[in-house]
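Written out below as structure tokens is the structure these notes cover.
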């Protein structure tokens with residue numbers, strides 16, 4: 001699943017610092033992945049780099065779908 005307006009930034013690029021320039025400077029960055037594990041790890045790196053206004057979708061898209069669209073087919 002892809003959220004409209006979202007931008008794919010691989011966790012490896014976040015960890016290396018290369019992907020940090022792609023994060024928004026004028027609004028909250030919301031990180032997400034399928035289950036929330038990788039986005040939580042990426043959030044730690046983003047916060048360490050000084051992005052205090054960043055969050056992640058806890059539980060990932062799976063948790064979001066269960067709550068918001070329970071009939072959504074997951075793969």
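Numbering (the UniProt record's numbering), first residue to last: 1 to 75.
In this text, a Cβ means the ideal position worked out from N, Cα and C, and glycines have one as well.
By alpha-carbon positions, which one of the options ends up nearest to residue i?
i, options, result
"residue 44", "19, 4, 15, 63", "15"
"residue 59", "40, 69, 35", "35"
"residue 12", "24, 41, 27, 29", "41"
"residue 48", "7, 20, 62", "20"
"residue 61", "54, 30, 24, 46", "30"
When the Cα atoms are used, what is the spatial distance from residue i to residue j?
i, j, result
"residue 51", "residue 22", "12 Å"
"residue 39", "residue 4", "18 Å"
"residue 28", "residue 68", "21 Å"
Checking 8 Å against the spacing of the C-beta atoms, do residue i and residue j come in under that value?
i, j, result
"residue 72", "residue 63", "no"
"residue 57", "residue 32", "yes"
Around the C-beta of residue i, are 16 or more other C-beta atoms found within 10 angstroms, so that it is buried, or is it exposed?
i, result
"residue 46", "buried"
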